Each structure stands twice: as C-alpha cells, then as structure tokens.
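Report on the following structure.
And the structure:
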C-alpha cells in the first residue's frame, strides 16, 4: 500500500479503498466475496467504512437497486 501523506502513521491506499467500494456497488455478487476478506476496520477513512457497511446492512433491499438509487440512502444514513 502507499501512504498518500507525508505524515508518519499506518500505511493506506485510498485508491484501493475506492476500488473495493466500487466493486461492492458494481456487482451485488461481489459483496459476499469482499466481506470474506475485508472488514470495516480495514478502511483508513471513516467515510469509506460507512460506505462499506451500507450495502451489507441493506443487501436484501438494495440487491436490485442501481448505484444512483443507493446514493440518497447513503446520504440519509450518514448525514452527507
């Protein structure tokens, strides 16, 4: 992973985090595969952790929804 800031601290890769999240929203089938290896605490940015949790908590309801349908739900739940 790459550290995108000059500060010392844990290594993180924002690009990798975004790729995981895109995969979850791009394919409902990928959610099960991703949650086998990625946990909420694996995300450096708290916002990414919240986004990661959203489709997991709404998997049944949101399985047929498009990404554009999910965006308002994420904003409502997480105040963005």
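Numbering (the working numbering), first residue to last: 2 to 81.
The beta carbon of each residue, even a glycine, is placed where N, CA and C say it ideally should be.
Owing to the predicted nature of the structure, the values given are computational and were not obtained by experimental measurement.
Could you pull out every residue in the same chain whose Cβ sits closer than 8 angstroms to the Cβ of residue i, ignoring the five residues on either side in sequence?
i, result
"residue 35", "21, 24, 25"
"residue 30", "none"
Since I believe residue j is in contact with residue i (beta carbons under 8 angstroms), could you give me their beta-carbon distance rounded to a whole number of angstroms?
i, j, result
"residue 37", "residue 44", "In fact, because the Cβ distance is near 16 angstroms, the residues do not count as touching under 8 angstroms."
Cα-Cα, which of the options is closest to residue i?
i, options, result
"residue 39", "53, 12, 15", "53"
"residue 41", "12, 18, 29", "18"
I'd like to check one pair, residue j with residue i: are the Cβ atoms closer than 7 angstroms?
i, j, result
"residue 47", "residue 32", "no"
So, for residue i: in the same chain, excluding its five sequence neighbours on each side, which residues have a beta-carbon less than 7 angstroms away from its beta-carbon?
i, result
"residue 77", "none"
Which residues in the same chain as residue i place their Cβ atom closer than 6 angstroms to its Cβ, once the five residues preceding and following it in sequence are excluded?
i, result
"residue 65", "Caution is warranted here: a pLDDT of 48 is assigned to residue 65, below 50, making its placement in the model unreliable, and the coordinate value is therefore given only provisionally. Taken in chain order, the list of residues that qualify is empty."
"residue 16", "none"
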